[in-house]
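Quick note, the working numbering runs 625 ahead of the 1-based positions in the sequence shown. The structure under discussion appears below in the form of structure tokens.
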Amino acid sequence: GRGKAKKAASRTAEREQRRMHVPVMEVEPQEDPPIVVLVHGPPGVGKSTLIQALVKHYTNQTLGDVRGPVTIVAGKRRRLTFVECPQDMHAMLDAAKYADLVLLLIDAAFGFEMETFEFLNLLQVHGFPRVMGVLTHLDGFRNDDKLKKVKKTLKHRFWTEIYQGAKLFYLSGMRHGKYLKREVLNLGRFISVMKFRPLTWRTAHGYLVADRLEDVTPPERVEADATCDREVALYGFLRG
Numbered sequence: 626g627r628g629k630a631k632k633a634a635s636r637t638a639e640r641e642q643r644r645m646h647v648p649v650m651e652v653e654p655q656e657d658p659p660i661v662v663l664v665h666g667p668p669g670v671g672k673s674t675l676i677q678a679l680v681k682h683y684t685n686q687t688l689g690d691v692r693g694p695v696t697i698v699a700g701k702r703r704r705l706t707f708v709e710c711p712q713d714m715h716a717m718l719d720a721a722k723y724a725d726l727v728l729l730l731i732d733a734a735f736g737f738e739m740e741t742f743e744f745l746n747l748l749q750v751h752g753f754p755r756v757m758g759v760l761t762h763l764d765g766f767r768n769d770d771k772l773k774k775v776k777k778t779l780k781h782r783f784w785t786e787i788y789q790g791a792k793l794f795y796l797s798g799m800r801h802g803k804y805l806k807r808e809v810l811n812l813g814r815f816i817s818v819m820k821f822r823p824l825t826w827r828t829a830h831g832y833l834v835a836d837r838l839e840d841v842t843p844p845e846r847v848e849a850d851a852t853c854d855r856e857v858a859l860y861g862f863l864r865g
């Protein structure tokens with residue numbers, strides 16, 4: 626009777642109201658830009674070898690020469706871009722501005738070098754991103770006591786420069802020109818779960834890390850004059 630019709634009408638009205646109030650979800654997935662992992666260290670310390678080992682760990686692909694940034698997928702919501710830091714002062718200055726995580730490679734046989742301290746100073750000026758130390762060339766020590774002593778000394782020096790308790794990884798040696806799988810696995814896992822906080826310096830300065838460039842100059846113009854001005858397109862993520 627009337628009661629039933631009233632109930633049905635109010636249910637319909639309620640359904641209409643609910644439909645009007647349901648917030649429309651944005652379908653476009655917001656994908657975060659890859660995390661820039663900068664590998665810094667003096668020449669011959671094993672930067673390229675470490676990048677190759679980490680790429681192998683995450684993707685199971687063998688990377689040849691490291692020529693520029695290498696971007697890989699490290700998880701459902703995480704991509705990493707590995708960049709080998711050049712020794713040039715200007716490049717180091719740029720790198721200090723865009724690195725999210727710095728892997729500071731230290732040759733255990735030599736200790737901290739001047740470039741390392743210079744680079745740490747640059748990092749401090751630009752908001753100081755996350756820094757992790759990686760000690761390499763530990764296989765050069767035949768004596769265990771000497772090795773322990775060196776590890777302890779370098780760890781305390783590292784803590785003095787960064788902060789007490791800063792993470793330091795040890796790459797004990799190489800087998801067939803590669804770092805040991807277990808040690809790379811530990812380092813890789815640590816990078817995968819690491820949390821990053823937004824740096825005030827960066828949020829105030831927008832920047833683009835170009836990981837690809839293309840010459841888009843019309844070919845006929847280049848044929849007519851090989852020294853003409855070129856048009857170049859840069860690709861990358863806008864951050865900050």
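By construction, the Cβ of each residue, glycine as well, lies at the ideal position given by its N, Cα and C atoms.
- [ ] Could you check the C-alpha separation between Phe-742 and Phe-794 for me, to the nearest Å?
- [x] 19 angstroms
Open item on the list: If I measure Cβ to Cβ from Ala-716 and keep anything under 8 angstroms in the same chain, skipping five residues before and after, which residues do I get?
Closed with: Cys-710
Open item on the list: Please report the distance separating the alpha-carbon of Pro-668 from that of Phe-735.
Closed with: 12 angstroms
Task: Own chain residues within Cβ distance below 7 angstroms of Trp-826, not counting five before or after - done: His-751, Gly-752
Task: Continuous beta strand (DSSP E) stretch holding Thr-696: start and end - done: 695-700
Open item on the list: With three or more beta-carbon pairs closer than 8 angstroms as the criterion, would you say the stretch 689-697 touches the stretch 669-677?
Closed with: yes
Task: Arg-589 versus Glu-856, Arg-640, Gly-666, Val-756, residue with shortest Cα-Cα distance - done: This structure leaves residue 589 out entirely; the chain is present only between 626 and 865.
TODO: For Tyr-860, name the three-state secondary structure that DSSP assigns.
DONE: strand
Open item on the list: Once the 5 residues before and after Cys-853 are set aside, which same chain residues still bring their CB inside 6 angstroms of it?
Closed with: Arg-846
Task: Reference Asp-657; option with closest CA among Thr-706, Glu-641, Arg-767 - done: Thr-706
TODO: Could you pull the start and end residues of the alpha helix (DSSP H) that Met-867 belongs to?
DONE: Outside the modelled stretch of the chain, which goes from 626 to 865, sits residue 867, for which no answer is possible.
Open item on the list: Counting C-beta neighbours from all protein chains within 10 Å, is the total for Thr-637 16 or more, i.e. buried, or is it exposed?
Closed with: exposed
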